[in-house]
Every structure is written in structure tokens, then in C-alpha cells.
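Reading through the C-alpha cells given below for one structure.
Protein chains in written order, with this note's numbering: chain A, 1 to 241; chain B, 242 to 777.
Shown next, in the form of C-alpha cells:
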């Protein structure tokens with residue numbers, strides 16, 4: 001079983017890293033032929049960086065749009081971020097003091113994350129408009145994330161697992177060395193779902209994470225009169241004139 | 242745009258004037274009813290398929306061919322459409338990123354004026370995008386190839402094409418949804434791509450393609466030939482002379498004029514558009530700046546934008562570059578037109594090199610003749626506001642005292658362009674002008690103005706009588722906001738700087754019980770109050 005999970009995590013990491021790297025490359029190489037920032041937009045690149053920062057950290061547009069979705073979504077994402085940071089302790093020895101410091105917060109962030117997910121999922125049933133646009137994969141994605149959160153919380157608060165052994169397992173993986181993983185069904189489930197999430201990431205709507213940075217309506221500087229912007233495929237037309 | 246608008250004013254929002262041109266479409270749709278105002282701003286319940294009958298006319302072969310596309314739906318169109326999508330995905334980062342990034346969060350679902358007005362769920366921006374995204378997933382993503390049902394992927398079939406034709410022609414590309422999307426997904430980009438794909442397989446929309454044919458052949462969307470334009474302008478000079486006693490000129494094709502004014506062709510003959518054209522002329526006259534119109538470049542509008550066709554948009558825009566070079570003008574100013582200003586402001590530099598600070602040969606060829614002290618191109622509102630700030634224009638503000646004015650931000654100006662030197666100048670400058678020429682101004686509710694403005698319901702290539710139901714219902718959120726300021730402040734003039742807004746409101750205001758003359762241009766107000774300088 002340890003071997004199986006070792007292989008699974010190597011494969012999942014490859015798919016995740018390779019997939020996202022390919023997507024980022026693909027987005028980056030695709031030209032944006034026209035200036036289409038949603039205005040009013042910043043007129044300097046510093047301004048654009050600040051706009052993007054507000055968008056990524058505070059979900060500014062979503063805040064303007066719908067307070068319920070914003071609150072639930074932000075709760076989930078911030079919770080997830082803290083939980084991910086907390087999990088860095090399984091991959092580092094010694095543990096960075098910041099990571100050590102956030103351990104208790106990361107623990108409660110797990111609840112925030114689960115609450116946010118539950119709320120977002122409830123909307124898919126309760127709000128007619130959201131029900132209409134939801135596909136089976138939207139539900140499965142939430143189920144997967146919630147499953148990860150719940151099994152993680154369960155291991156913390158209900159049926160403990162040997163976290164020292166888990167850490168030894170992952171530290172081992174990082175130097176291509178397979179150590180025994182505790183034989184807990186809860187842990188197996190948790191890890192299997194995490195690996196699945198990593199694998200579907202580059203072919204699913206989770207691409208919104210890299211996508212937002214490449215969104216021309218958000219990442220372009222509003223200076224079309226001052227600076228000429230020309231895509232390579234469009235420049236060719238000028239040869240004819 | 243050549244609508245015959247009934248002058249009749251209906252007594253209440255829900256009552257109906259006679260439907261326009263009933264003969265053209267078989268009897269089924271005799272009446273279009275404006276939705277009743279909401280007591281509270283509730284979100285409508287879904288009315289599945291309520292707009293499934295709303296189809297514009299399919300373009301005839303002659304119209305498709307005139308803009309370089311197959312006349313009718315081609316054999317093997319399914320594969321060709323999918324291949325075209327692939328081509329666009331490789332050319333437009335916006336399309337590629339937007340196809341991948343949507344998480345179905347639902348933030349946009351209640352933001353579209355067409356959804357608010359019709360309740361049809363396919364008018365929710367995310368659902369409109371999904372009409373294409375479902376096909377994208379089927380052919381261009383692994384999960385869609387393996388598990389189509391799971392991710393909502395669909396084959397490209399005639400049913401899908403029919404839905405595209407319906408609902409991508411129920412979008413005015415106003416970009417309101419993109420303001421609210423956490424990833425900035427712009428449904429307009431998706432709509433443009435879909436229309437371009439449909440054009441490329443011979444399934445174009447009549448109204449837009451017919452207009453593009455005219456502008457390519459004659460120089461403007463209305464097909465108004467040079468001599469007719471000259472007559473119109475001479476007539477205008479006489480009218481203004483009768484009215485003011487002053488010889489205000491409306492010059493055509495004047496070599497060496499300082500300014501080339503490019504304005505939507507509706508300004509030459511439609512009401513209330515022409516009132517603004519009169520206003521532009523008075524501004525040039527009062528400031529003593531030489532200017533000219535052009536017959537070859539007699540159209541600021543550019544329907545190439547609506548169809549997502551870069552080549553076509555460039556071709557239409559090139560007429561302005563060519564004419565500017567030929568006439569040797571120093572400045573290019575754009576009249577009151579929303580999408581034209583977006584194209585001019587955001588795309589002309591890209592498409593035609595008409596901008597500032599050019600360094601490449603193509604741009605420099607044009608820009609070396611332009612005056613670098615001015616923004617190229619400038620909006621007529623920037624032009625007028627500059628003159629006002631310099632004290633070069635004087636007004637009798639009382640002349641507008643019979644008007645209680647509000648301002649409707651046009652979507653393409655608000656969310657796709659800028660005026661002046663700072664972000665948001667496009668909101669302030671037109672309002673500043675109004676306040677400089679009139680005493681009574683009030684804004685509509687903040688959630689319906691500035692970048693959150695609601696589309697008039699007629700933009701993006703849907704300003705045609707075959708879509709009148711869509712247009713009436715799409716105007717609903719704006720009409721609600723207007724009703725509020727009418728009730729509270731007695732507003733009797735809604736100023737706007739868009740030819741499509743003006744035509745659309747003139748047509749749909751009566752459905753909501755308003756006088757069609759309630760809408761007008763900012764330069765119409767300027768025209769009323771301006772001192773021409775030589776009357777005393």
C-alpha cells in the first residue's frame with residue numbers, strides 16, 4: 001500500500017506540475033490581439049499589479065457582485081490557503097517558524113474551509129439560477145474538496161493517525177525513498193482524494209487559478225492611445241499596405 | 242436604424258403601442274409587452290425558453306458574401322465550425338482563458354439586462370458562455386472527450402447551432418457581466434467569437450452583415466452616398482442659419498482642415514442624433530477651429546466589432562486612416578457613438594496606427610502629420626471639455642432650464658474606453674459638460690450608472706425590428722432606474738453619447754409610457770446653450 005501511494009503521488013505531482021506548466025505556457029503564448037481591459041482600468045503596470053492583487057487576495061469583483069458567494073468563497077479559499085501552509089510541516093524538517101506559528105490557525109481554518117464549501121454546495125441546490133448552471137462535475141468537485149476537508153479534520157479530531165510516520169513517508173518521497181505509511185483507512189481516503197484533485201486540476205475548472213492572471217480584462221494596462229499594441233498574427237496585415 | 246418610430250405615448254409601463262412593422266413576421270408576435278416594474282429589486286425566477294422564439298433574420302447569401310463569407314450554411318459546417326473555434330482559441334487569449342476559467346460560481350447570473358428583462362436562463366452570462374463552452378469541452382478538453390455528460394460537453398449539432406444563433410444574438414456585448422466576474426470573463430468576447438464562427442460557416446445575422454456590406458461599399462452604415470450627404474449638410478447649414486442667424490458651417494472633405502470629425506452616420510439624419518451634430522458644428526464655430534466631415538469616412542460605427550471579425554473591423558477602420566492621410570488633417574475627433582468610441586479609443590492605434598507615440602513605419606506615416614499635443618483620436622466630449630476648461634466656449638445655461646437632465650452611461654464608453662487622463666474620466670467628462678451648459682442635473686441610481694450601467698438593450702448588433710421583443714425587455718433595468726428619477730426629480734431629458742442608445746430609446750421609451758423625445762445627446766444640450774460669439 002505504501003508503494004501504491006508512493007507511485008500515486010509521484011504520478012499526481014507530475015500531472016499537476018506538468019499540466020499547469022503546459023497551461024501557463026499555452027496561455028502565455030496565445031496572443032491577446034486587442035486591448036480589452038474592463039474599464040475604468042489602471043493606466044500603469046503598477047496599477048495593474050495592484051488591481052490583480054486585490055482581485056486575487058480579496059476577490060474584489062466578486063465582492064462587488066454577490067456578498068454571499070464572496071463570503072463563502074473567500075472563507076473557503078483563505079481556509080484552504082492556511083491548511084495548505086499548515087501541511088508544509090509534512091514536507092520540511094526542520095519546520096519553518098512561520099509554519100510552526102500558524103499550526104493552530106491552520107487547524108481551525110480546516111473548519112472554515114469545510115463551512116465555506118458546504119455553503120457553496122448548498123447554493124447549488126437552493127438557488128434556482130445556480131442549480132440551472134451546475135453540471136455533475138461541479139458537484140463532484142465540491143464533494144471531493146469537502147471529502148478532503150472532512151477526512152483531514154476527522155484525523156485531527158476523531159481518529160488520529162501516526163503523523164510522524166506520515167511525515168517520514170513524505171520526506172522519504174522527496175528523496176526517492178519509500179517509507180511505510182500508517183495503515184489507516186481515513187488516511188488512505190484523504191490521500192487518495194488529494195491525489196485525485198491534483199490529477200484533475202490541469203483539465204478542470206480549477207484552471208481558474210492560473211487563468212485569472214492571464215485574463216486580458218484584468219491584466220491589461222489601459223493605455224491604447226499612448227502605446228501601440230499589436231499581435232504578431234495581426235502585424236502581418238500591414239505588410240500588404 | 243431607419244426605424245419608423247410611433248409618436249404615440251402609452252399611459253403605463255405595461256401597455257403597448259402598436260408593434261412595429263407587423264407585416265414582416267408572421268402573425269404570431271403581434272404585441273410586445275414591457276415587463277412590470279419591480280417593487281424591490283428582486284431577481285427574476287427562471288422562465289425556461291421564454292426567449293426561444295427570439296431570432297434575428299438569417300443573412301441572405303448576398304449579405305454574407307458581401308462581407309466575405311459563404312452565402313449559406315456550408316456542407317460539413319459542424320467540423321468547420323469546430324475547426325474555426327480551434328483557430329480562434331489560438332489567436333485570442335481571452336477566448337482560451339475564458340473557456341477554461343469559469344467555475345460556475347453564479348456571480349454573473351443576475352447581472353445581464355436581458356436576463357433581468359426576460360427571465361430566460363440562457364440569457365444569464367454564464368449560460369450564454371456555456372453554449373460555446375460545452376462544445377469547447379467536447380472537442381478541446383480531455384474530460385469532455387472522455388466523459389461529456391459529466392462536464393456538460395455537447396457535440397456541435399444543428400440544435401446547438403440554433404441555440405447559438407438565438408442567444409448569441411441576444412447579447413449586446415455590453416460587458417456588464419465582466420465587471421462582476423471574479424476572473425473578468427467577458428461574455429462579449431465569447432459572443433463575438435461565436436458570431437464569427439457562425440459567419441465563417443455561412444450562418445450570419447442579416448442586420449449586421451447588411452450594414453457591413455454598405456459601409457464597405459459606400460462609406461457608412463446607412464448607405465448614404467456622397468451627394469446625398471452633401472445635400473444634407475447644406476440643408477443643415479440653412480436650418481442653423483434660420484435658427485440662430487449665424488453661418489455655422491458643416492464642411493465636407495475640406496483639404497487641410499485641422500480636424501477630421503468622424504461620427505456615426507445616424508447623426509446625419511436621425512432624430513435626436515442630428516441635434517448633436519448641430520452641436521458639434523457650433524462648438525467648432527465658436528472655438529474657431531477648422532474642421533471637416535468626410536464622405537469616404539462617414540461612419541464612426543464599426544460593426545466588425547460586433548461580429549468579432551478582426552479583419553473586417555480593421556478594414557472599416559482603415560477608411561478613417563486613409564481619409565486622414567488624404568485630407569492632411571492634424572486631429573481626429575470622434576462623435577457621440579458608444580461602440581465607435583471603444584473601437585477608436587482602444588483599437589484604432591492597433592488596427593490603423595492612429596494613436597500617439599508611434600515608432601513603427603506604419604504608425605509614423607500617419608502620426609507625423611498629426612498634432613502630438615492632442616490625444617489621437619479624441620472624443621468630441623474631450624474636445625469640448627478642453628475648450629470649456631480653457632474658457633474658449635461661453636454658454637447661456639438658462640437656455641436649458643426647461644430640462645431636468647440625467648445621463649445614461651453607454652456601455653462601450655463606460656466599460657471599454659476612457660476619456661481624459663485618468664481612469665473614470667469617461668464618466669466625469671460628459672457629466673462635466675452637461676453641468677457646464679445646464680443648471681438641472683441629477684444622476685440615476687449608482688448601481689445603474691458608471692461601470693455598472695445597464696445597456697440600453699439595443700447595442701452590439703441587435704438594433705433591428707426583428708428583435709423588438711428583446712429590445713423592449715432588455716431596456717427594462719434602465720427604464721426602472723429612469724422611472725425613479727422621473728418620479729423623484731421630474732427628469733425630462735436623458736442625455737447619452739451613443740447613436741445606438743439614442744435610436745433604441747427613441748423606439749422603446751413609449752413601451753414604458755415615456756415620451757420618445759426624452760432621450761437626446763450631450764451636444765444637443767451644448768447646442769442649446771452655446772454662444773456662437775458673432776451674434777452680437
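The beta-carbon is built from N, C-alpha and C at its ideal position, and this holds for glycine as well.
Asked	Found
Straight-line Cα distance separating residue 593 of chain B from residue 360 of chain B	41 angstroms
DSSP-derived helix/strand/coil call for residue 85 of chain A	helix
Nearest candidate by alpha-carbon position, reference residue 619 of chain B, set B:637, B:543, B:573, B:723	B:573
Collapsed DSSP secondary structure at residue 228 of chain A in the structure displayed	coil
Proximal chain B residues relative to residue 76 of chain A, where beta-carbon distance stays under 8 angstroms	In chain order: nothing, as chain B lies at least about 11 angstroms away.
Selection from B:679, B:672, B:328 that minimises the alpha carbon distance to residue 685 of chain B	B:672
CB contact flag (residue 86 of chain A, residue 106 of chain A, <8 angstroms)	yes
Where residue 715 of chain B sits in the DSSP three-state scheme	helix
Chain B within 8 angstroms of residue 35 of chain A, Cβ atoms only	yes
Candidates B:435, B:748, B:395, of which the one nearest residue 329 of chain B by Cα	B:435
CB of residue 366 of chain B within 8 angstroms of CB of residue 418 of chain B, strictly	yes
Of the listed residues B:683, B:753, B:758, nearest to residue 729 of chain B (C-alpha basis)	B:683
Supposed contact pair residue 460 of chain B and residue 536 of chain B - C-beta distance, whole angstroms, cut 8 angstroms	6 angstroms
Span separating the alpha-carbon of residue 9 of chain A from that of residue 68 of chain A	35 angstroms
The ligand FMN heavy atom lying under 7 angstroms from the CB of residue 483 of chain B	As for the ligand FMN, it is missing from this structure, which has no ligand bound.
Exposure of residue 523 of chain B, with buried meaning 16 or more beta-carbon neighbours within 10 Å	buried
Positions along the segment 425 to 436 of chain B whose CB lies within less than 9 angstroms of some CB in chain A	425, 426, 427, 429, 430
Inter-residue Cα distance where the pair is residue 41 of chain A and residue 22 of chain A	29 angstroms
Cutoff 8 angstroms: residue 718 of chain B Cβ touching any chain A Cβ	no
Contact the segment 334 to 354 of chain B vs the segment 205 to 218 of chain A: 3+ CB pairs below 8 angstroms	yes
is_contact[residue 9 of chain A, chain B] using C-beta, thresh 8 angstroms	no
Cβ neighbour criterion (16 or more within 10 Å) applied to residue 187 of chain B	This structure does not reach residue 187 of chain B, given that chain B is present from 242 up to 777, and the question cannot be answered.
Proximal chain A residues relative to residue 586 of chain B, where beta-carbon distance stays under 8 angstroms	224, 225
First through last residue of the beta strand (DSSP E) which encompasses residue 735 of chain B	734 to 737
Residue 482 of chain B burial status per 10 Å Cβ neighbour count (16 or more: buried)	exposed
Unbroken beta strand (DSSP E) run spanning residue 9 of chain A, endpoints	Where residue 9 of chain A is concerned, there is no enclosing beta strand (DSSP E), although the alpha helix (DSSP H) it sits in stretches over 2 to 29.
Reduced DSSP category for residue 644 of chain B - H, G, I as helix; E, B as strand; rest coil	coil
Anticipated Cβ contact below 8 angstroms, residue 218 of chain A with residue 55 of chain A, distance rounded	6 angstroms
Where residue 643 of chain B falls, given that 16 or more other Cβ within 10 Å makes a residue buried	exposed
Run of the beta strand (DSSP E) containing residue 493 of chain B, from where it starts to where it stops	Per DSSP, residue 493 of chain B belongs to no beta strand (DSSP E) and is neither H nor E.
Close-in-space but distant-in-sequence residues of the same chain around residue 120 of chain A (CB under 6 angstroms, 5 per side omitted)	72
Coil, strand or helix - residue 620 of chain B by DSSP	strand
Within-8 angstroms CB hit, residue 268 of chain B to chain A	Bear in mind that the predicted position of residue 268 of chain B carries a pLDDT of just 43, short of 50, making it too unreliable to give a figure here.
Residues within the segment 337 to 353 of chain B neighbouring chain A, beta-carbon criterion of under 8 angstroms	337, 338, 339, 341, 342, 343, 344, 345, 346, 347, 348, 349, 350, 351, 352
Best match in A:145, A:135, A:156, A:159 for proximity to residue 391 of chain B [C-alpha to C-alpha]	A:135
6 angstroms Cβ shell around residue 180 of chain A - same chain, five flanking residues per side excluded	2
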